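The sequence shown begins at 16 in the numbering used here and counts up one residue at a time. Using N, Cα and C, we set each Cβ at its ideal position, and we do this for glycine too. Just so you know, these numbers come straight off a predicted model, no measurement behind them.
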Amino acid sequence: EELKNYKSIGITAGASTPDWIISEVIEFLESI
């Protein structure tokens, strides 16, 4: 809910972060 107040949000991930986690975060952010 609080994230709706932001116009843009940056996402960073380390090399060991699985692609599926990054994808889920992006999908979540796009849905709000």
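If Ile47 and Lys19 are in contact, beta carbons under 8 Å, what's the gap, nearest whole angstrom? Taking the first residue of the sequence shown as position 1, residue 47 is located at position 32. Taking the first residue of the sequence shown as position 1, residue 19 is located at position 4. Rounded to whole angstroms, the Cβ separation of Ile47 and Lys19 is 6 Å, and the two are in contact under 8 Å.
N-terminal and C-terminal residue of the alpha helix (DSSP H) that Leu44 is part of: Taking the first residue of the sequence shown as 1, we reach residue 44 at position 29. Its alpha helix (DSSP H) spans residues Asp34 to Ser46.
Give a yes or no on whether the C-beta atoms belonging to Ile37 and Ala28 are separated by under 9 Å. Indexing the sequence shown from 1 puts residue 37 at position 22. Indexing the sequence shown from 1 puts residue 28 at position 13. Against a cut-off of 9 Å, the Cβ pair of Ala28 and Ile37 comes out as a contact.
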